[in-house]
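One structure is given below, encoded as structure tokens.
2 protein chains.
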Amino acid sequence: MSTLFDKPLSVLNVGIASFADAITQRGGEALQLDWAPPASGERAICGALARLVNHPKIEQANAEALDRFLAAQPKLAGIGVARETLPAMGERMILHAGPPIEWRRMCGPMRGAIVGAILYEGWASDAQRAQAMAKAGEVAFEPCHHHAAVGPMAGVISPSMPVWVVINAAGGNRAFCNLNEGLGKVLRFGANSPEVIARLKWMEQTLAPTLRAGLARLGEIELKPLMAQALHMGDEVHNRNAAASSLLIKRLVPALLKSGAPAADVAAAIEFVAGNDHFFLNISMAACKSMLESAHAVPNSSLVTTMARNGVEFGVRVAGLGDRWFTAPAPRVNGLYFPGYSIADAAPDLGDSAITETAGVGGFAMAAAPAIVKFVGGSAQDALANTLAMTHITLRRNSAFTLPALDFAGTPAGIDIRRVVDTGILPVINTGIAHKDPGVGQIGAGVTRAPAACFSQAVQALAALLTG
Amino acid sequence: MSTLFDKPLSVLNVGIASFADAITQRGGEALQLDWAPPASGERAICGALARLVNHPKIEQANAEALDRFLAAQPKLAGIGVARETLPAMGERMILHAGPPIEWRRMCGPMRGAIVGAILYEGWASDAQRAQAMAKAGEVAFEPCHHHAAVGPMAGVISPSMPVWVVINAAGGNRAFCNLNEGLGKVLRFGANSPEVIARLKWMEQTLAPTLRAGLARLGEIELKPLMAQALHMGDEVHNRNAAASSLLIKRLVPALLKSGAPAADVAAAIEFVAGNDHFFLNISMAACKSMLESAHAVPNSSLVTTMARNGVEFGVRVAGLGDRWFTAPAPRVNGLYFPGYSIADAAPDLGDSAITETAGVGGFAMAAAPAIVKFVGGSAQDALANTLAMTHITLRRNSAFTLPALDFAGTPAGIDIRRVVDTGILPVINTGIAHKDPGVGQIGAGVTRAPAACFSQAVQALAALLTG
Chain L
3 MSTLFDKPLS VLNVGIASFA DAITQRGGEA LQLDWAPPAS GERAICGALA
53 RLVNHPKIEQ ANAEALDRFL AAQPKLAGIG VARETLPAMG ERMILHAGPP
103 IEWRRMCGPM RGAIVGAILY EGWASDAQRA QAMAKAGEVA FEPCHHHAAV
153 GPMAGVISPS MPVWVVINAA GGNRAFCNLN EGLGKVLRFG ANSPEVIARL
203 KWMEQTLAPT LRAGLARLGE IELKPLMAQA LHMGDEVHNR NAAASSLLIK
253 RLVPALLKSG APAADVAAAI EFVAGNDHFF LNISMAACKS MLESAHAVPN
303 SSLVTTMARN GVEFGVRVAG LGDRWFTAPA PRVNGLYFPG YSIADAAPDL
353 GDSAITETAG VGGFAMAAAP AIVKFVGGSA QDALANTLAM THITLRRNSA
403 FTLPALDFAG TPAGIDIRRV VDTGILPVIN TGIAHKDPGV GQIGAGVTRA
453 PAACFSQAVQ ALAALLTG
Chain H
3 MSTLFDKPLS VLNVGIASFA DAITQRGGEA LQLDWAPPAS GERAICGALA
53 RLVNHPKIEQ ANAEALDRFL AAQPKLAGIG VARETLPAMG ERMILHAGPP
103 IEWRRMCGPM RGAIVGAILY EGWASDAQRA QAMAKAGEVA FEPCHHHAAV
153 GPMAGVISPS MPVWVVINAA GGNRAFCNLN EGLGKVLRFG ANSPEVIARL
203 KWMEQTLAPT LRAGLARLGE IELKPLMAQA LHMGDEVHNR NAAASSLLIK
253 RLVPALLKSG APAADVAAAI EFVAGNDHFF LNISMAACKS MLESAHAVPN
303 SSLVTTMARN GVEFGVRVAG LGDRWFTAPA PRVNGLYFPG YSIADAAPDL
353 GDSAITETAG VGGFAMAAAP AIVKFVGGSA QDALANTLAM THITLRRNSA
403 FTLPALDFAG TPAGIDIRRV VDTGILPVIN TGIAHKDPGV GQIGAGVTRA
453 PAACFSQAVQ ALAALLTG
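Quick note, the sequences are listed as chains L and H, same order. Following our numbering, the numbering of the first sequence begins with 3 at its first residue and continues without gaps. Following our numbering, the numbering of the second sequence begins with 3 at its first residue and continues without gaps.
See the structure below:
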């Protein structure tokens with residue numbers, strides 16, 4: 003004993019920080035390790051987790067699911083109309099972001115967007131009547147994700163809207179997303195004024211047919227190489243799509259000019275697309291959805307195939323757990339707010355765009371996009387650290403998406419619910435922040451985390467399924 | 003003495019490495035500091051340097067020159083024709099890259115390009131006669147830099163060629179560069195076959211008037227913000243211009259479509275520009291030239307305003323030393339060679355494109371462009387290290403050009419000949435590598451350094467001027 007206390011103490015403290023504090027206050031040296039027991043030590047969850055770790059059925063299923071995910075070859079195939087293109091789309095149906103939710107529980111921006119979609123479809127002549135219709139159950143609401151689709155923010159897709167069609171050539175599946183309207187007063191943030199509806203009509207009647215003609219001329223566009231190139235140009239293809247949008251334009255413009263579409267429409271379409279650095283976001287989302295959809299429904303797999311928010315709840319789906327959603331309250335985002343706004347004005351986390359993080363880009367690929375910290379907060383070092391942290395909760399690296407700043411390491415790919423619960427490291431998400439009231443629009447951006455409860459519920463469900 | 007040798011040795015060795023080696027071989031620890039005396043200890047140069055360090059006239063002159071450089075506001079103003087636009091351009095004159103050089107000493111690619119320019123101008127009907135003309139002194143050869151111009155690789159500009167016109171609104175000066183021909187068989191690498199000449203004619207007769215019409219519609223383009231944005235998108239605006247070229251296209255295309263230029267010409271121009279990720283290079287060079295030109299001819303300043311290579315010699319000019327060139331043999335570049343080629347096939351370092359490094363971008367801004375190491379060699383860490391090293395030989399940071407990966411520090415700006423000689427740290431240059439024979443084209447790319455001798459000569463010249 004005496005020899006120990008003769009020497010200067012050098013302490014590594016794991017767990018409760020006050021032990022380390024006591025030492026440093028007395029002039030000693032103590033390093034505090036950021037660690038907590040899995041699932042905050044909740045016995046039921048830890049017990050479930052213990053039954054899943056190194057479970058041969060899960061390992062085998064994950065290998066299969068990961069192979070499918072990594073092999074995906076998403077190609078931009080064209081632009082369809084939701085009513086004709088989306089599987090099981092109803093005539094009086096509106097799709098929304100995140101897990102299922104009824105009208106009465108929806109957040110402001112989502113209600114605003116749904117009213118806008120009803121007006122856009124001509125089902126009601128004014129906002130009040132549209133609201134009454136929605137309340138009376140005259141419109142069916144379903145998640146985009148139930149129709150192989152995704153939508154940013156409110157994520158509203160109604161039958162007449164044009165949708166990007168992405169084909170995964172390797173998996174034989176398709177995925178869909180609406181078209182990006184630009185910034186300012188837009189439906190996805192809940193705006194539904196006449197100018198918003200007029201823009202949606204123009205997108206349906208002019209933009210979509212024009213782009214369709216250009217794409218027909220061009221043929222399918224391989225999306226993984228384009229996204230990979232954008233990752234080398236400072237995008238993370240969620241909240242930064244400046245490079246990817248530019249690369250798309252470079253491909254599209256020569257084809258549009260040869261497409262035979264009316265010159266005025268071509269000029270208007272190009273101006274619209276060139277004026278919106280986020281234009282590629284919706285294509286990126288559809289590409290990510292197509293990759294993950296092909297990995298979904300692999301029995302016993304603990305791979306996360308969906309993370310999505312409806313502005314009230316954050317929902318997670320898992321490859322081996324079918325179409326069940328594991329939900330928890332959606333967090334409010336402590337990000338960088340535009341002047342005049344604060345977290346008190348924010349709607350809780352919203353949108354299907356976390357499909358990008360689920361696919362290992364977005365916040366997971368922040369190391370590719372250090373400039374994004376000016377938009378979402380933090381330092382360039384934080385951007386690197388976020389990517390590195392995500393390697394602890396993912397199963398592999400995606401060699402199709404390399405990160406120059408990490409000497410071309412692949413993006414962390416394949417979130418495993420077991421690793422999230424075991425490490426307590428939560429998936430990081432770069433996100434825009436919507437005002438809680440419909441129609442105000444974006445009021446900031448930030449980095450948030452998926453709630454732990456979604457993953458611990460999923461772990462318990464998988465344990466129940468596998469071990470009875 | 004005895005107490006020293008009782009403890010384990012911990013040695014920091016400065017200078018000759020064998021002292022450190024002796025210690026490590028005997029099991030001791032020694033850290034070798036990479037240091038050498040200034041100018042390899044040459045007394046005359048060290049003496050000159052000592053007279054210049056902290057010299058109040060130089061400090062004052064450098065502050066003035068740096069202010070001018072940093073205040074520059076380069077704007078893309080249009081496209082002129084060399085004969086009408088370049089100051090003091092002669093009718094039978096051909097401009098070339100780097101310091102002055104006579105025909106008989108020129109490297110292969112430069113000779114090839116000059117023969118091509120003579121054919122393009124119609125001064126001779128075949129290559130043999132063109133060569134004879136050049137040899138007989140029937141054409142005047144002068145550096146681009148003597149005409150406020152720059153050109154990549156051979157840098158050949160003849161009277162009929164279109165040139166970018168960049169205006170520095172702050173300094174009231176103008177700078178010029180030829181237009182980028184794309185990759186493959188091109189004049190700047192010394193190719194002069196009929197297809198090369200035909201492309202140059204098309205650029206003169208179709209591309210230039212079309213782009214001119216688009217630019218007229220668009221108005222002047224502020225180049226510093228565009229370059230700054232490209233630095234946030236993985237370019238260093240010398241060997242990577244993918245983002246900058248895309249940003250330019252996004253601006254140009256809508257204007258071209260409204261310009262009234264013939265639709266077929268617009269389509270052809272867009273296809274040409276969109277097909278070349280290096281298209282912006284020549285604009286970047288003209289922008290850098292315009293910034294540095296405004297800082298040139300400040301008496302007593304030790305600021306480097308030109309680094310340029312003619313394929314035989316590397317030349318440096320200094321703000322306080324007028325139009326004098328300080329030259330040394332151009333190095334061969336030990337870079338990444340395309341399959342089938344090696345350093346034995348390379349022409350020595352060539353081109354005015356080192357104007358980008360002189361302006362603190364290119365190799366100096368490699369931290370912005372980690373993906374470039376796949377092209378020029380090295381690791382992402384090397385890219386950061388190169389930028390950091392350049393802060394030791396520059397006078398300030400350029401807040402107009404920030405580097406996300408270094409938490410938005412400005413690019414190192416304003417090379418000081420004194421600091422180069424004092425530290426022995428040589429300016430780093432990202433460069434393409436030309437085959438030594440005319441017309442073969444690019445055979446690789448790499449990172450090279452400016453020769454020390456240019457800077458030590460300049461230090462001696464400045465010392466002679468200032469202190470007699």
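In this text, a Cβ means the ideal position worked out from N, Cα and C, and glycines have one as well.
Exposure of residue i, with buried meaning 16 or more beta-carbon neighbours within 10 Å
i, result
"V335 of chain L", "buried"
"A265 of chain H", "exposed"
"T413 of chain L", "buried"
"L467 of chain H", "exposed"
"R70 of chain L", "buried"
"I18 of chain H", "exposed"
"A332 of chain H", "buried"
"Q75 of chain H", "buried"
"P161 of chain L", "buried"
"T308 of chain H", "buried"
"R28 of chain H", "exposed"
"F274 of chain L", "buried"
"K291 of chain H", "buried"
"P39 of chain L", "exposed"
Host beta strand (DSSP E) of residue i (start-end)
i, result
"W166 of chain H", "164-170"
"Q444 of chain L", "444-451"
"E177 of chain H", "Reading off the sequence, residue 177 of chain H comes out as Ala, not Glu. Note, A177 of chain H: beta strand (DSSP E), 175-180."
"T307 of chain L", "306-312"
"S248 of chain L", "Looking at the DSSP string, S248 of chain L is not in any beta strand (DSSP E); the run it does join, the alpha helix (DSSP H), is 244-260."
"P414 of chain H", "411-417"
"L217 of chain L", "Unbroken run through L217 of chain L is the alpha helix (DSSP H), 210-220; no beta strand (DSSP E)."
"S12 of chain L", "12-16"
"I431 of chain L", "430-436"
"G317 of chain L", "315-320"
"I96 of chain L", "95-98"
"L35 of chain L", "31-35"
Endpoints, alpha helix (DSSP H) assigned at residue i
i, result
"P331 of chain H", "Where P331 of chain H is concerned, there is no enclosing alpha helix (DSSP H), although the beta strand (DSSP E) it sits in stretches over 328-331."
"A273 of chain H", "Correcting the residue type first, residue 273 of chain H is Glu in the shown sequence and not Ala. Segment 265-276, the alpha helix (DSSP H) holding E273 of chain H."
"P76 of chain L", "Run containing P76 of chain L: none in the alpha helix (DSSP H); it sits in the beta strand (DSSP E), 76-83."
"E295 of chain H", "283-295"
"A466 of chain L", "454-469"
"S197 of chain L", "For the sequence presented, residue 197 of chain L should be read as Glu rather than Ser. Here the alpha helix (DSSP H) through E197 of chain L covers 196-204."
"M229 of chain H", "225-233"
Residue j beta carbon less than 8 Å from that of residue i
i, j, result
"G448 of chain H", "V378 of chain H", "yes"
"A460 of chain L", "F316 of chain L", "no"
"L68 of chain L", "L225 of chain L", "no"
"G441 of chain H", "A193 of chain H", "yes"
"A310 of chain L", "A356 of chain L", "yes"
"I96 of chain H", "I116 of chain H", "yes"
"V83 of chain L", "P211 of chain L", "no"
"V255 of chain H", "A246 of chain H", "no"
"G337 of chain H", "I435 of chain H", "yes"
"A452 of chain H", "I431 of chain H", "yes"
"A269 of chain H", "K260 of chain L", "yes"
Practice item. Residues of the region 56-81 of chain H with a CB closer than 7 Å to any CB of chain L: list them in chain order, please. Key: Per Cβ criterion, the list is empty.
Review point. Which residue spans inside the region 338-398 of chain H form an unbroken beta strand (DSSP E) run of at least 3?
Key: Runs of the beta strand (DSSP E) inside the region 338-398 of chain H: none found.
Check your understanding: Residues in the region 259-270 of chain L with C-beta within 8 Å of chain H's C-beta atoms, listed in sequence order?
Key -> Within the region 259-270 of chain L, the qualifying residues are L259, K260, A265, V268, A269.
Check your understanding: Between the region 220-246 of chain H and chain L, which residues of the former have a C-beta closer than 7 Å to a C-beta of the latter?
Key -> Taking 7 Å as the Cβ-Cβ cut-off against chain L, the residues of the region 220-246 of chain H that qualify are H234, M235, G236, A244, A245.
Review point. Of all the residues that make up the region 337-365 of chain H, which are near chain L by a beta-carbon distance shorter than 7 Å?
Key: Look at the region 337-365 of chain H: it has no residue with a C-beta under 7 Å from a C-beta of chain L.
Check your understanding: What are the uninterrupted segments assigned as alpha helix (DSSP H) that are 4 or more residues long and contained completely in the region 107-146 of chain L, given in chain order?
Key -> Fully contained in the region 107-146 of chain L are the following alpha helix (DSSP H) runs of length 4 or more, in chain order: 110-123, 129-137.
Practice item. Output, in sequence order along the chain, the residues in the region 371-394 of chain H whose CB is closer than 9 Å to any CB in chain L. Key: Residues of the region 371-394 of chain H that bring their beta carbon within less than 9 Å of a beta carbon in chain L comprise A371, P372, A373, I374, V375, K376, S381, A382, Q383, A385, L386, in sequence order.
**Study point:** Members of the region 6-25 of chain H near chain L, C-beta cut-off 9 Å
**Key:** Residues: none.
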